[in-house]
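**Q**
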Amino acid sequence: MGLLDKLESFLGGKKKDFNILVIGLDNSGKSTVVNNLKPNDDRAININPTVGFNSEKVNFRNLNLSLFDMSGQSRYRNLWEHYYREADAIVFVIDSSDRMRFVVSNEELNDVLNHREIKDKKIPLLILANKKDAKGALNESGLRNELEINGIRGKQYEIFATDGLSGQGVNDAFEWLANELKKE
């Protein structure tokens, strides 16, 4: 944090640095979504499955976002909770075309929302119905009907349909998140 940022913070300025936890089941497109937020020259050509986690720093709408892209493989999901305390927002990515895994996605999302570090925390939740271009993919309202979200009380949340590969819907989704973070 630079001297001007410290001075602004001391004088009551708005926070500009945020930790964003990007979670969801494996193969939901988390890393592809994060890759889309980076400047064109910094984007990876090939995305590999995340082992553990990756972190990326991105400037979006004058906010400094530290994105923690967590592995969604079942053996790594227990790592998520180590990042809850410092999270300023959660982005939960769901493969909207993989209906066979909606139940597991729903269970994981509810486990996150009801975790002792999260349930009373007033942080925004962004749910991405990713892979909206895939055959049989649900849109926002379809996913809203499929999910049985408990523990959402007290949290601002929104669902956006996205296509991580083309970037369609990603900016709109993070625009909403940036506006929510600016309210803090």
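At position 49 of the sequence shown (counting the first as 1) the number is 49 in full-length UniProt numbering, and the numbers step up by one without a gap. Cβ coordinates follow ideal geometry from the N, Cα and C atoms, glycine included.
1) Which same chain residues, not among the five before or five after LEU109, have their C-beta less than 6 Å away from its C-beta?
2) Let me check one thing: in DSSP terms, what residues is LYS57 bridge-paired to?
3) Is PRO39 buried or exposed, if buried means 16 or more other CB atoms sit within 10 Å of its CB?
4) For GLU81, tell me which candidate among ARG116, SER66, VAL51 has the shortest Cα-Cα distance.
5) With three or more beta-carbon pairs closer than 8 Å as the criterion, would you say the region 19-33 touches the region 45-56?
6) DSSP beta-bridge partners for GLN168?
7) Between LEU181 and LYS122, what straight-line distance do the alpha-carbon atoms span, to the nearest angstrom?
8) Thinking C-beta only, is LEU113 closer than 8 Å to ILE152?
9) At 3 residues or longer, what runs of the beta strand (DSSP E) sit wholly inside the region 92-138?
10) Would VAL170 be called buried (16 or more neighbouring beta carbons within 10 Å of its own) or exposed?
11) Do the CB positions of ASN36 and GLY154 come within less than 8 Å of each other?
12) Could you have a look at VAL51 and say whether DSSP puts it in helix, strand or coil?
13) With ASN19 as the anchor, note down where its beta strand (DSSP E) starts and where it stops.
14) Which residues bound the alpha helix (DSSP H) around GLU140?
15) Could you spell out the range, first to last residue, of the alpha helix (DSSP H) harbouring LYS30?
16) Quick one: using the 10 Å Cβ neighbour count with 16 as the cut-off for buried, is LYS14 buried or exposed?
17) Please determine, among LEU21, LEU65, VAL58, the residue with the shortest C-alpha to C-alpha distance to ASP42.
18) Taking only three categories from DSSP, how would you classify VAL84?
**A** Per the coordinate set shown:
1) Counting from 1 along the sequence shown, the entry for residue 109 is found at position 109. Correct list, in chain order: PHE92.
2) Position 57 of the sequence shown, counted from the start, is the residue given in the question as residue 57. Answer is SER66.
3) The residue given as residue 39 occupies position 39 in the sequence shown. Per the 10 Å Cβ criterion, exposed.
4) Stepping through the sequence shown from its first residue, residue 81 is reached at position 81. The candidate whose alpha carbon is nearest that of GLU81 is ARG116.
5) yes
6) Here residue 168 is taken as the residue at index 168 of the sequence shown, counted from 1. Paired residue(s): ASP163.
7) Residue numbering aside, residue 181 sits at position 181 when the sequence shown is read from its first letter. Residue numbering aside, residue 122 sits at position 122 when the sequence shown is read from its first letter. The straight-line gap from Cα to Cα measures roughly 11 Å.
8) Sequence index remark: in the sequence shown, residue 152 carries index 152 (1-based). Sequence index remark: in the sequence shown, residue 113 carries index 113 (1-based). Taking 8 Å as the Cβ cut-off, ILE152 and LEU113 qualify as a contacting pair.
9) 125-130
10) In the sequence shown, counting from the first residue as 1, residue 170 sits at position 170. Label assigned to VAL170: buried.
11) Position 36 of the sequence shown, counted from the first residue, corresponds to residue 36. Position 154 of the sequence shown, counted from the first residue, corresponds to residue 154. It is not a contact, given that the beta carbons lie outside the stated cut-off.
12) One-based indexing of the sequence shown puts residue 51 at position 51. If DSSP states are grouped into helix, strand and coil, VAL51 belongs with coil.
13) Counting from 1 along the sequence shown, the entry for residue 19 is found at position 19. Taken as a continuous stretch (DSSP letters only), the beta strand (DSSP E) holding ASN19 covers 17-23.
14) Position 140 of the sequence shown, counted from the first residue, corresponds to residue 140. Where GLU140 is concerned, the enclosing alpha helix (DSSP H) stretches over 140-146.
15) On the sequence shown, residue 30 is found 30 positions in, with the first residue counted as 1. Note, LYS30: alpha helix (DSSP H), 30-37.
16) On the sequence shown, residue 14 is found 14 positions in, with the first residue counted as 1. LYS14 is exposed by the Cβ-count criterion.
17) Reading the sequence shown from its first residue, position 42 is the one you call residue 42. Looking at the Cα atoms, VAL58 is the closest of the given residues.
18) Indexing the sequence shown from 1 puts residue 84 at position 84. The sequence given here has Tyr at residue 84, not Val. TYR84: coil per DSSP, three-state reduction.
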